[in-house]
Structure formats: C-alpha cells, structure tokens
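Residue numbers (the working numbering): 24 to 103. Just so you know, even glycine gets a beta-carbon here, dropped at the ideal spot from N, CA and C. On a predicted model such as this, the values are computed, not experimentally measured, just so you know.
What follows is the structure, given as structure tokens:
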C-alpha cells in the first residue's frame, strides 16, 4: 500500500495546530530575556511565542513595546 502525503507540510495555513499570536502591535510587555539569537538580539517568550529584543541581555528583565509581528515571531524594542 502506498501512502499519499500532503504537499502542504506540517504547519500549513489551514492546520488546526496553528496557534494564536499572544501579542499585539504597539502593546507594552514586561519580559525576561532568556537567550541570545545568532544575530545577538535578546530572545524573550510570551506564552511560548518568541520575541526578539535588540539590545537585550540574558537574564535582564525589561519592558518592551512590540514593533513588528511576523508569522512565527515578534520584535520588541526596549522602552525602559
């Protein structure tokens, strides 16, 4: 028996696994920087959703404003 696979892949647009984005553009959040990206940006997470924070350092607690939201991540700038 031959199985047919969907071309859409694991996380297609119509997938029931697609999660809601837990942040909103322009909103302010208090986050902890948990890691550093390859580009040197801090990485925080809100409900498991990654937020890249330029200038953030590991273990810093910062207040950020969301300036960009993409399909699988967001970018925040430090406001304090």
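Pairwise C-alpha distance: residue 69 and residue 59: 16 Å
Residue nearest to residue 63 in terms of C-alpha spacing, selected from 89, 88, 73 and 79: 79
As assigned by DSSP and simplified to three states, the class of residue 96: coil
Reduced DSSP secondary structure (H/G/I, E/B, other) of residue 59: strand
Per-residue DSSP class, three states only, for residue 49: coil
Span separating the alpha-carbon of residue 100 from that of residue 47: 13 Å
Nearest-angstrom Cα separation, counted from residue 103 out to residue 56: 14 Å
Under the three-state DSSP convention, the category residue 81 falls into: coil
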